[in-house]
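Participant:
Numbering (my numbering), first residue to last: 5 to 179.
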């Protein structure tokens, strides 16, 4: 419709569309002009629409479970020690983890530490704290303890021997 609405042609385009709707029986014939404009329905109104943003469902009767789970098992071409060192180096996540803008380690103990993470891209940035438990070289267990973004976030990295006879492989169980 916008292509037809050049100066001097807008009224004729509206008349053409209205006459098509009248011909198809979609508009009542004897209505004042203001009521015709309110009742004018476009055939495009019935096409499916996709949105970039979706408002939350505020229906109290709807299912309240928003829990998401993901797990994966992979055989990797790296040793358990190499993988453990990368995953346990939370203080450097901001250097290589996508959308991680800050990662700070504090309260270091022999079997773990606490971490303050910042995830996102400006202006959408979320901060949260994690407690990380380490079992060298088999396990990195991270649990979100404080943050607005997650009600629960639990990440477990388990490393075990990989292919038999191949010392430069390991099996990763991620959940």
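No residue lacks a Cβ here, since even glycine has one placed at the ideal position from N, Cα and C.
1. If I follow the unbroken alpha helix (DSSP H) through residue 132, where does it start and stop?
2. For residue 108, list the residues DSSP reports as bridge partners.
3. Here's the rule I'm using: 16 or more other beta-carbon atoms within 10 Å means buried, otherwise exposed. How should residue 138 be labelled?
4. Looking at C-beta atoms only, is the number of pairs between the segment 128–138 and the segment 148–168 that lie closer than 8 Å three or more?
5. Hey, out of 82, 154 and 71, whose CA is closest to residue 166's CA?
6. Where does the unbroken beta strand (DSSP E) through residue 144 begin, and where does it stop?
7. Excluding sequence positions up to five away, which residues of its chain have a Cβ less than 7 Å from the Cβ of residue 159?
8. For the beta strand (DSSP E) that residue 154 lies in, which residues bound it at each end?
9. For residue 71, does the three-state DSSP call read helix, strand or coil?
10. Using beta-carbon positions only, say whether residue 163 and residue 84 come within less than 7 Å of one another.
Facilitator: Here's the rundown:
1. Translated into the one-based positions of the chain shown, residue 132 becomes position 128. First-last for residue 132: 128–139, but that is the beta strand (DSSP E), not the alpha helix (DSSP H).
2. Counting from one through the chain shown, the residue named residue 108 turns up at place 104. The partner list for residue 108 (beta bridge, DSSP) reads 120.
3. Here the question's residue 138 lines up with position 134 in the chain shown. Answer is buried; the Cβ neighbour count reaches 16.
4. yes
5. In the chain shown, counting from the first residue as 1, residue 166 sits at position 162. Considering only alpha carbons, the answer is 82.
6. If you number the chain shown from 1, residue 144 lands on position 140. If you look at residue 144, you'll find it in the beta strand (DSSP E) that goes 143–151.
7. Position 155 of the chain shown, counting from 1, holds the residue named residue 159. For residue 159, where only same-chain residues beyond five positions count, the Cβ hits under 7 Å are 146.
8. Along the chain shown, read from residue 1 onward, the residue named residue 154 stands at position 150. Where residue 154 is concerned, there is no enclosing beta strand (DSSP E), given that its DSSP letter is neither H nor E.
9. For the purposes of this step, residue 71 is identified with residue 67 of the chain shown, where counting begins at 1. Coil, per DSSP.
10. As a working note, residue 163 is residue 159 in the chain shown. As a working note, residue 84 is residue 80 in the chain shown. A contact, by the Cβ cut-off of 7 Å.
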